[in-house]
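Peer 1: In our numbering, the protein residues as written are 2 to 307.
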Amino acid sequence: MREEGTSPLYGGIEAGGTKFVCAVGSGPEDMRAETRFATTTPDETIGRAIEFFSEQRRQLPLTSIGIGSFGPVDPDPASATFGRITTTPKPGWANTEFAGTMEKALGLPVGFDTDVNVAALGEHRWGAARGLDTFIYLTVGTGIGGGGVTNGKLMHGLIHPEMGHVRIPHDWKTDPFLGSCPYHGDCLEGLASGPALQGRWGQRGDTLPGDHPAWPLQAQYLALALVNFICTVSPQRIIMGGGVMEQRQLFPLVRRKVQELVGGYVQAREVLEDIDAYIVPPALGNRAGVLGAIALAQHTVGGQSS
Ligand code: ZN
Numbered sequence: 002m003r004e005e006g007t008s009p010l011y012g013g014i015e016a017g018g019t020k021f022v023c024a025v026g027s028g029p030e031d032m033r034a035e036t037r038f039a040t041t042t043p044d045e046t047i048g049r050a051i052e053f054f055s056e057q058r059r060q061l062p063l064t065s066i067g068i069g070s071f072g073p074v075d076p077d078p079a080s081a082t083f084g085r086i087t088t089t090p091k092p093g094w095a096n097t098e099f100a101g102t103m104e105k106a107l108g109l110p111v112g113f114d115t116d117v118n119v120a121a122l123g124e125h126r127w128g129a130a131r132g133l134d135t136f137i138y139l140t141v142g143t144g145i146g147g148g149g150v151t152n153g154k155l156m157h158g159l160i161h162p163e164m165g166h167v168r169i170p171h172d173w174k175t176d177p178f179l180g181s182c183p184y185h186g187d188c189l190e191g192l193a194s195g196p197a198l199q200g201r202w203g204q205r206g207d208t209l210p211g212d213h214p215a216w217p218l219q220a221q222y223l224a225l226a227l228v229n230f231i232c233t234v235s236p237q238r239i240i241m242g243g244g245v246m247e248q249r250q251l252f253p254l255v256r257r258k259v260q261e262l263v264g265g266y267v268q269a270r271e272v273l274e275d276i277d278a279y280i281v282p283p284a285l286g287n288r289a290g291v292l293g294a295i296a297l298a299q300h301t302v303g304g305q306s307s
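1. Considering only C-alpha positions, which residue in the set 172, 280, 269 and 126 is nearest to residue 217?
2. Could you check what DSSP says for residue 156 in three-state terms: helix, strand or coil?
3. Keeping to the same chain, check which residues put their C-beta closer than 8 Å to that of residue 176; ignore five residues upstream and five downstream.
4. Identify which residue in 29, 135 and 226 has its Cα closest to the Cα of residue 292.
5. Pull up the distance between the alpha-carbon of residue 238 and that of residue 45, whole angstroms please.
6. Taking 7 Å as the line, does the beta carbon of residue 191 fall inside it for any heavy atom of ligand 1?
7. Quick check: what's the CA-CA separation for residue 59 versus residue 289?
8. Given residue 117, which residues of its chain have a CB within under 7 Å of its CB, disregarding the five upstream and five downstream residues?
9. Check the DSSP bridge columns for residue 222 and list the partner residues they point to.
10. By Cβ distance, which residues of its chain are closer than 8 Å to residue 229, with the 5 residues on each side in sequence left out?
11. Taking only three categories from DSSP, how would you classify residue 6?
12. With three or more C-beta pairs closer than 8 Å as the rule, is the segment 92–106 touching the segment 62–79?
13. Taking Cβ positions, are residue 256 and residue 277 nearer each other than 8 Å?
14. State the DSSP-derived secondary structure class of residue 39, mapped to helix, strand or coil.
15. Start and end of the beta strand (DSSP E) containing residue 114?
16. Skipping 5 residues on each side, what residues in its chain have a beta carbon closer than 7 Å to that of residue 187?
17. So, under 8 Å CB-CB, residue 107 and residue 55 are touching, yes? Tell me the CB distance rounded to an integer number of Å.
18. Among 254, 275, 20 and 13, which one has its Cα closest to the Cα of residue 33?
19. Does the segment 18–28 come close enough to the segment 295–306 that 3 or more CB-CB pairs lie under 8 Å?
20. So, residue 262 versus residue 223, is the Cβ gap smaller than 8 Å?
21. Just to confirm the assignment, what range does the beta strand (DSSP E) spanning residue 24 have?
22. Give the single residue among 90, 112 and 153 whose Cα lies nearest to the Cα of residue 144.
23. Just checking my contact of residue 130 with residue 120 at CB under 8 Å: how many whole Å lie between their CB atoms?
24. Going by beta carbon distance, what residues of the same chain come within less than 7 Å of residue 258, once the five residues before and after it are set aside?
25. Can you list, in chain order, the residues of its chain with a C-beta nearer than 8 Å to that of residue 185? Leave out the 5 residues immediately preceding and following it.
26. Can you list, in chain order, the residues of its chain with a C-beta nearer than 7 Å to that of residue 152? Leave out the 5 residues immediately preceding and following it.
27. Return yes when the Cβ of residue 195 is within less than 8 Å of the Cβ of residue 244, no when it is not.
28. Would you call the CB atoms of residue 21 and residue 42 closer than 8 Å?
29. What residue range is occupied by the uninterrupted alpha helix (DSSP H) comprising residue 252?
30. Going along the chain, which residues of its own chain have a beta-carbon closer than 7 Å to the beta-carbon of residue 306, five neighbours each way excluded?
31. Got a sec: does ligand 2 put a non-hydrogen atom nearer than 7 Å to the Cβ of residue 102?
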């Protein structure tokens, strides 16, 4: 039996555009403290996170901090602007120094990545992607974002994936809605995010009945994107989280549409026969983000690779 206080403890921040969740622990079965607060100005919000971890450190030995942040962000440790939120349209947050501010204030190593990559890491470590070396985590909510792991490593590259902004065929025949993305209009996020649903139908998605025509159209747009991801990344599984995916009736619709669009071309049992286990909700539910941040903190100091 493990004695209280003997295992290394880590701090995790799920930094969302509307709220921050900060926690201390070492995994789903060992969470010691948690707080959540609204995302206001960078100074105030990051200040509250620093205050929380400073307070926790008086009683608990913290090893490192992991941050999964809304973005776009700079996740490249070799870059001069590493640890910053970069071109976000969120007022006041563009070019915010985030990881560096935390590191300076707390004197601890800080890991930093996109919210979706970090949620993917949580699912890899403790959830629906255990044992896989290539998978995608897609969140469909206020925005659409995707990340994940390829060949055992979190997806980076030029910057990081922006799967929410892929272009998909717009079904103009049944859908005259122009799209809600401020950058692209009718990209995937512009057609299938929560605000897009609301803009198209004039009411929030969670107030639309389960048999509303909104859902087959939503499933069609999501499936078009998933088929593109299946063809480019060849993921062994696709995890779909976020507020819009709380509408569970979407899962069977998306799965059926993906099978139809793949057209039998991708010869994988997972897609052809076992699609219920292939396109799935996060096993950690809405805890994927904050637990992933704890996993990232562990990675940052060389613990538990994934
Ligand atoms: Zn876009």
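All residues carry an ideal CB built from backbone N, CA and C; glycine is no exception.
All values reported here derive from a predicted model rather than from experimental measurement.
Peer 2: Answer, in terms of the structure:
1. 172
2. coil
3. 192, 201 and 218
4. 29
5. 38 Å
6. yes
7. 27 Å
8. 138, 140, 146, 147 and 148
9. BP columns for residue 222 are empty, so no partner.
10. 167 and 169
11. Note that residue 6 scores 48 on pLDDT, short of 50, meaning its location in the model is unreliable; the coordinates nonetheless yield the value given after this. Coil.
12. yes
13. yes
14. strand
15. 111–115
16. 171, 179 and 180
17. 7 Å
18. 13
19. yes
20. no
21. 20–28
22. 90
23. 10 Å between Cβ atoms; not a contact.
24. 220, 221 and 224
25. 166, 168 and 191
26. 134 and 135
27. yes
28. no
29. 251–263
30. With a pLDDT of 47 at residue 306, under the threshold of 50, the predicted position of this residue should be treated as unreliable, though the coordinate-derived value follows. Here the set comprises 300.
31. Absence of ligand 2 from the depicted structure is noted, with ligand 1 being the only ligands included.
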